[in-house]
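Here's the structure, in structure tokens; my notes come after.
Protein chains: 2
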Amino acid sequence: MGDPVAESGFQAFAAHVVAEHDKLPPQLQRIAQFVLDNPGRVALMTIADLAEEIEVQPSGVIRFSKAVGYTGFSEIQRILKEELSAPTSYEARLRTASDDGSELARAANLADASLSALPSAADIARAADILTGARIVHVVGFRRAFGTASYLAYLLSGFQAPVRQFTGIGDMADTEMQTLHADDVLVAISFPSYRPETRAVVAAARSVGTNLISITDSKLSPIARGAAQVLITDQQTDAGFRSVVGSMVTVQALALEYGRRRST
Amino acid sequence: MGDPVAESGFQAFAAHVVAEHDKLPPQLQRIAQFVLDNPGRVALMTIADLAEEIEVQPSGVIRFSKAVGYTGFSEIQRILKEELSAPTSYEARLRTASDDGSELARAANLADASLSALPSAADIARAADILTGARIVHVVGFRRAFGTASYLAYLLSGFQAPVRQFTGIGDMADTEMQTLHADDVLVAISFPSYRPETRAVVAAARSVGTNLISITDSKLSPIARGAAQVLITDQQTDAGFRSVVGSMVTVQALALEYGRRRST
DNA sequence: GTTGGAATGGAAGTAAAATTCCATCGCCTG
DNA sequence: CAGGCGATGGAATTTTACTTCCATTCCAAC
Numbered sequence: 407m408g409d410p411v412a413e414s415g416f417q418a419f420a421a422h423v424v425a426e427h428d429k430l431p432p433q434l435q436r437i438a439q440f441v442l443d444n445p446g447r448v449a450l451m452t453i454a455d456l457a458e459e460i461e462v463q464p465s466g467v468i469r470f471s472k473a474v475g476y477t478g479f480s481e482i483q484r485i486l487k488e489e490l491s492a493p494t495s496y497e498a499r500l501r502t503a504s505d506d507g508s509e510l511a512r513a514a515n516l517a518d519a520s521l522s523a524l525p526s527a528a529d530i531a532r533a534a535d536i537l538t539g540a541r542i543v544h545v546v547g548f549r550r551a552f553g554t555a556s557y558l559a560y561l562l563s564g565f566q567a568p569v570r571q572f573t574g575i576g577d578m579a580d581t582e583m584q585t586l587h588a589d590d591v592l593v594a595i596s597f598p599s600y601r602p603e604t605r606a607v608v609a610a611a612r613s614v615g616t617n618l619i620s621i622t623d624s625k626l627s628p629i630a631r632g633a634a635q636v637l638i639t640d641q642q643t644d645a646g647f648r649s650v651v652g653s654m655v656t657v658q659a660l661a662l663e664y665g666r667r668r669s670t
Numbered sequence: 407m408g409d410p411v412a413e414s415g416f417q418a419f420a421a422h423v424v425a426e427h428d429k430l431p432p433q434l435q436r437i438a439q440f441v442l443d444n445p446g447r448v449a450l451m452t453i454a455d456l457a458e459e460i461e462v463q464p465s466g467v468i469r470f471s472k473a474v475g476y477t478g479f480s481e482i483q484r485i486l487k488e489e490l491s492a493p494t495s496y497e498a499r500l501r502t503a504s505d506d507g508s509e510l511a512r513a514a515n516l517a518d519a520s521l522s523a524l525p526s527a528a529d530i531a532r533a534a535d536i537l538t539g540a541r542i543v544h545v546v547g548f549r550r551a552f553g554t555a556s557y558l559a560y561l562l563s564g565f566q567a568p569v570r571q572f573t574g575i576g577d578m579a580d581t582e583m584q585t586l587h588a589d590d591v592l593v594a595i596s597f598p599s600y601r602p603e604t605r606a607v608v609a610a611a612r613s614v615g616t617n618l619i620s621i622t623d624s625k626l627s628p629i630a631r632g633a634a635q636v637l638i639t640d641q642q643t644d645a646g647f648r649s650v651v652g653s654m655v656t657v658q659a660l661a662l663e664y665g666r667r668r669s670t
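Quick mapping for you: the protein sequence lines, in order, are chains A and B.
In this text, residue positions in the first sequence follow our numbering: the first is 407, and each later residue adds one.
In this text, residue positions in the second sequence follow our numbering: the first is 407, and each later residue adds one.
See below:
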């Protein structure tokens with residue numbers, strides 16, 4: 407609250423090491439250099455690993471730790487681990503700091519977090535490859551995922567994809583499912599609580615051998631089983647409301663990769 | 407062996423866990439879920455930390471490790487650490503995301519830009535105030551905006567709002583419009599090219615005196631005229647593809663502000 | 001050359017973490 | 001409702017990692 411930017415433990419550590427570096431004996435200087443150059447790796451190593459890699463004795467690592475002002479290597483490693491697992495980039499922290507209590511600020515922060523946990527580009531590309539070979543692309547998503555599913559269907563139809571969306575309109579769910587075919591692809595979008603309606607469509611696809619692309623929040627999601635490609639996004643963070651931004655960005659990327667394949 | 411891409415230890419681990427998941431007792435399923443959903447964090451935790459977070463006993467973590475085919479938790483953690491420090495790790499992806507030429511990177515950058523140009527929290531709050539007094543909240547948006555409109559309708563119905571969405575299903579557009587009333591609010595969502603269907607609904611609302619909230623990209627948008635509140639978002643910046651993330655975040659914030667008013 | 005102090009090596013001791021094992025609990029089955 | 005079995009809780013044990021401390025080496029000054 408007081409400081410505009412609070413100094414992280416890691417930044418303080420780095421500053422100490424730089425300040426002390428010239429006063430250290432040669433061996434400890436080598437340790438200092440390695441730790442500053444590979445903080446991520448050091449966070450995952452034991453003292454023994456580290457000592458072996460630098461060709462030093464374990465006790466040297468302890469001496470280094472004390473020489474730069476800490477009680478031992480464990481304290482330094484704790485700081486490095488915090489830095490490695492900090493999900494907040496500098497930018498994200500700035501945004502969080504500007505949280506003024508409005509739902510808009512919360513929604514924007516949530517969306518920002520979603521953008522840090524998207525599927526990999528390689529997974530999207532694989533999914534797009536699967537789409538390319540489809541006779542028909544079916545899209546399913548209900549309730550929270552319905553908007554995302556609609557958007558995907560809209561984008562794909564813009565690329566002249568043979569796409570149809572499961573809507574459940576007119577009490578025709580059974581009839582809709584009968585159109586699934588082994589040469590087709592089903593893109594299923596579902597998040598907790600996974601709707602039984604969506605799961606039923608996925609089950610129908612499995613039973614007739616339709617290729618499945620699942621956009622969901624966990625590898626253990628009920629719609630992930632048997633999928634040719636799973637795209638993980640919008641994982642539940644801790645507090646309160648769930649964003650749908652991750653899945654929107656994911657389907658946009660998926661559709662554009664598909665379009666790129668169609669046009670070249 | 408014959409695989410073109412050698413399977414990483416982590417991929418094998420994930421596959422094992424997914425395969426065994428259903429056979430595991432409930433407690434071990436929770437552990438499985440947590441580890442698959444947070445591999446990066448688990449790589450840095452001790453068994454005790456992990457056990458505390460999931461609220462199980464340390465021994466449960468060991469049972470999980472053996473149940474999915476490993477000798478103990480240490481072996482699993484070794485695999486997770488390798489994955490975390492591998493060049494294809496999540497951290498590395500983030501760093502290169504802005505210049506790898508994938509549609510995902512483009513989509514994520516576009517979404518990020520959208521988050522910098524949202525409506526003001528005050529405008530959202532005013533719009534939420536208007537919603538609160540409505541007899542019925544009508545929502546309209548077609549094609550690109552249909553997903554956003556659906557999401558808004560879904561969120562509002564979650565707060566027991568009297569909401570209905572214009573869908574155009576069954577060639578009932580005329581009939582749908584006849585339900586507009588002076589005590590109602592219409593939330594219209596539209597972006598270039600502004601669909602005539604949406605404009606027709608807005609015109610109908612104007613003619614009967616329905617309050618209008620417009621979510622669009624410009625104050626000069628055809629649906630902005632006569633609106634009680636205009637929320638500007640997703641303005642086209644560059645020549646490329648248009649994101650829909652700004653409007654999704656906007657409707658989420660709007661719905662949550664509405665919910666806050668309803669519950670207090 | 002000898003001496004003193006800093007630097008390093010390495011083994012022993014201590015702390016922490018992982019694993020084992022047994023007791024209890026709860027549920028299903030007969 | 002009694003018996004058995006799988007699941008869970010928790011203490012005890014083993015293993016691993018961290019830290020300390022003393023011995024040795026190196027180097028510079030006298």
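Beta carbons are placed, not taken as given, at the ideal position from N, Cα and C, and that holds for glycine.
Backbone secondary structure at residue 498 of chain B - three-state DSSP: The residue labelled residue 498 of chain B in the question sits at position 92 within the second sequence. The predicted model places residue 498 of chain B with a pLDDT of 41, which falls under 50 and marks its position as unreliable, so this point remains unresolved.
Stretch pair the segment 515–526 of chain B + the segment 510–522 of chain A: three plus CB contacts closer than 8 angstroms: yes
What are the start and end residues of the alpha helix (DSSP H) that includes residue 554 of chain B? Locating residue 554 of chain B in the second sequence gives position 148, where the first residue counts as 1. Its alpha helix (DSSP H) spans residues 552–564.
Do you know how far the Cα of residue 469 of chain A is from the Cα of residue 423 of chain A? Against the first sequence, residue 423 of chain A aligns to sequence position 17. Against the first sequence, residue 469 of chain A aligns to sequence position 63. About 13 angstroms.
For residue 653 of chain A, collect the residues of the same chain with a Cβ closer than 8 angstroms to its Cβ; drop the 5 residues on either side in sequence, then sort them by chain order. Position 247 of the first sequence holds residue 653 of chain A. Around residue 653 of chain A: 551, 554, 595, 597, 621, 639 and 640.
Where residue 538 of chain A sits in the DSSP three-state scheme: Mapped onto the first sequence, residue 538 of chain A falls at position 132. Residue state, collapsed to three classes: helix.
What does residue 557 of chain A touch in chain B if you count any residue whose Cβ is under 7 angstroms from its own? Position 151 of the first sequence, counted from the first residue, corresponds to residue 557 of chain A. Per Cβ cutoff of 7 angstroms: 553 and 650.
Distance, Cα to Cα, residue 420 of chain A vs residue 647 of chain A? Numbered from its first residue, the first sequence carries residue 420 of chain A at position 14. Numbered from its first residue, the first sequence carries residue 647 of chain A at position 241. If I take the Cα positions, the gap works out to 37 angstroms.
Taking 8 angstroms as the CB-CB cut-off, is residue 662 of chain B touching chain A? If you number the second sequence from 1, residue 662 of chain B lands on position 256. For residue 662 of chain B, the answer is yes, since a Cβ of chain A falls inside 8 angstroms of its Cβ.
The segment 575–591 of chain B: positions lying closer than 9 angstroms to chain A by Cβ: 575 and 576
With burial defined as no fewer than 16 other Cβ atoms inside 10 Å of the residue's Cβ, what is the status of residue 625 of chain B: buried or exposed? Taking the first residue of the second sequence as 1, we reach residue 625 of chain B at position 219. By the neighbour-count rule (16 or more Cβ atoms within 10 Å), residue 625 of chain B is not buried but exposed.
Suppose you measure from the CA of residue 657 of chain B to the CA of residue 637 of chain B; what does that come to, to the nearest Å? Taking the first residue of the second sequence as 1, we reach residue 657 of chain B at position 251. Taking the first residue of the second sequence as 1, we reach residue 637 of chain B at position 231. Each residue's Cα considered, the two are about 10 angstroms apart.
Compare the C-beta of residue 647 of chain B against all C-beta atoms of chain A and say whether one is closer than 8 angstroms. Translated into the one-based positions of the second sequence, residue 647 of chain B becomes position 241. Yes - at least one Cβ of chain A is within 8 angstroms of the one on residue 647 of chain B.
For residue 638 of chain A, write down the residues that DSSP places opposite it in a beta bridge. For the purposes of this step, residue 638 of chain A is taken as the residue at position 232 of the first sequence. In DSSP, residue 638 of chain A forms a bridge with A:622.
Between residue 536 of chain A and chain B, is any beta-carbon pair separated by less than 8 angstroms? What you label residue 536 of chain A is simply residue 130 of the first sequence in a count that begins at 1. False, the Cβ-Cβ gap to chain B never drops below 8 angstroms.
So, for residue 672 of chain A: in the same chain, excluding its five sequence neighbours on each side, which residues have a beta-carbon less than 6 angstroms away from its beta-carbon? An answer regarding residue 672 of chain A cannot be provided, because it is not within the stretch 407 to 670 covered by chain A.
Using a beta-carbon distance below 8 angstroms, is residue 499 of chain A in contact with chain B? Numbered from its first residue, the first sequence carries residue 499 of chain A at position 93. Note that residue 499 of chain A scores a pLDDT of 44, beneath 50, so its modelled location is shaky and nothing firm can be said.
Residue 655 of chain A touches chain B at which residues, Cβ-Cβ below 9 angstroms? Here residue 655 of chain A corresponds to residue number 249 of the first sequence, with the count starting at 1. Per Cβ cutoff of 9 angstroms: 510, 513, 514, 516, 517, 649 and 651.
So that I know if they touch, is there some Cβ in chain B lying closer than 8 angstroms to that of residue 668 of chain A? Stepping through the first sequence from its first residue, residue 668 of chain A is reached at position 262. With 8 angstroms as the cut-off, residue 668 of chain A does not count as an interface residue toward chain B.
On the DSSP bridge assignment, give the partners of residue 571 of chain B in chain order. The residue you call residue 571 of chain B lines up with position 165 of the second sequence. In the DSSP output, where bridge partners are listed per residue, residue 571 of chain B has B:545.
Does any residue of chain A bring its CB to less than 8 angstroms from the CB of residue 472 of chain B? Here residue 472 of chain B corresponds to residue number 66 of the second sequence, with the count starting at 1. Output row for residue 472 of chain B: interface = no.
By the three-class DSSP mapping on this structure, what secondary structure does residue 617 of chain B have? The sequence position of residue 617 of chain B within the second sequence is 211, counting from 1. It is a strand residue.
Residues that residue 592 of chain A bridges to, as DSSP identifies them: Sequence index remark: in the first sequence, residue 592 of chain A carries index 186 (1-based). Partner(s): A:544 and A:618.
So, with DSSP's three-state summary, where would you put residue 503 of chain A? Residue mapping note: residue 503 of chain A aligns to position 97 of the first sequence, counting from 1. Summary for residue 503 of chain A: the model assigns pLDDT 48, below 50, so the residue's position carries little reliability, and this model does not support an answer.
So, for residue 583 of chain B: in the same chain, excluding its five sequence neighbours on each side, which residues have a beta-carbon less than 7 angstroms away from its beta-carbon? The residue you call residue 583 of chain B lines up with position 177 of the second sequence. 607 and 610.
Is the separation between the beta-carbon of residue 445 of chain A and that of residue 488 of chain A shorter than 8 angstroms? Position 39 of the first sequence holds residue 445 of chain A. Position 82 of the first sequence holds residue 488 of chain A. Contact flag unset, no.
For residue 634 of chain B, tell me which candidate among B:593, B:476, B:642 and B:602 has the shortest Cα-Cα distance. If you number the second sequence from 1, residue 634 of chain B lands on position 228. Measuring from the Cα of residue 634 of chain B, the nearest candidate turns out to be B:593.
Taking the CB atoms as reference points, tell me whether residue 540 of chain B and residue 590 of chain B lie closer together than 8 angstroms. Numbered from its first residue, the second sequence carries residue 540 of chain B at position 134. Numbered from its first residue, the second sequence carries residue 590 of chain B at position 184. Yes. Within cutoff.
Beta-carbon proximity list for residue 605 of chain B, same chain, < 8 angstroms, skipping 5 on both sides: Position 199 of the second sequence, counted from the start, is the residue given in the question as residue 605 of chain B. Counting only Cβ-Cβ distances below 8 angstroms, and skipping sequence neighbours, we find 596, 628 and 629.
Anyone know if the C-beta pair for residue 434 of chain B and residue 473 of chain B falls short of 8 angstroms? In the second sequence, the residue the question calls residue 434 of chain B occupies position 28. In the second sequence, the residue the question calls residue 473 of chain B occupies position 67. For residue 434 of chain B and residue 473 of chain B, yes; Cβs fall inside 8 angstroms.
To the nearest whole angstrom, what separates the beta carbons of residue 565 of chain B and residue 668 of chain B, a pair I think is in contact under 8 angstroms? The residue you call residue 565 of chain B lines up with position 159 of the second sequence. The residue you call residue 668 of chain B lines up with position 262 of the second sequence. Their Cβ separation, rounded to whole angstroms, is 5 angstroms, which keeps residue 565 of chain B and residue 668 of chain B in contact under 8 angstroms.
Of the residues that make up the segment 440–454 of chain B, which ones have a beta carbon closer than 8 angstroms to any beta carbon in chain A? 442, 443, 446, 447, 449 and 450
Using only the alpha-carbon positions, how far apart do residue 480 of chain B and residue 448 of chain B sit? One-based indexing of the second sequence puts residue 480 of chain B at position 74. One-based indexing of the second sequence puts residue 448 of chain B at position 42. If you take the alpha carbons of residue 480 of chain B and residue 448 of chain B, they lie about 11 angstroms apart.
Excluding five sequence neighbours on each side, which residues of the same chain lie with their C-beta closer than 6 angstroms to the C-beta of residue 475 of chain B? Within the second sequence, the letter at position 69 stands for residue 475 of chain B. Same-chain partners within the cutoff: 422.
Close-in-space but distant-in-sequence residues of the same chain around residue 563 of chain A (CB under 8 angstroms, 5 per side omitted): As a first step, residue 563 of chain A must be located in the first sequence, where it is residue number 157. Same-chain partners within the cutoff: 569.
Is residue 658 of chain B close to chain A? Criterion is C-beta to C-beta, closer than 8 angstroms. Taking the first residue of the second sequence as 1, we reach residue 658 of chain B at position 252. Answer yes: the Cβ-Cβ gap between residue 658 of chain B and chain A drops below 8 angstroms somewhere.
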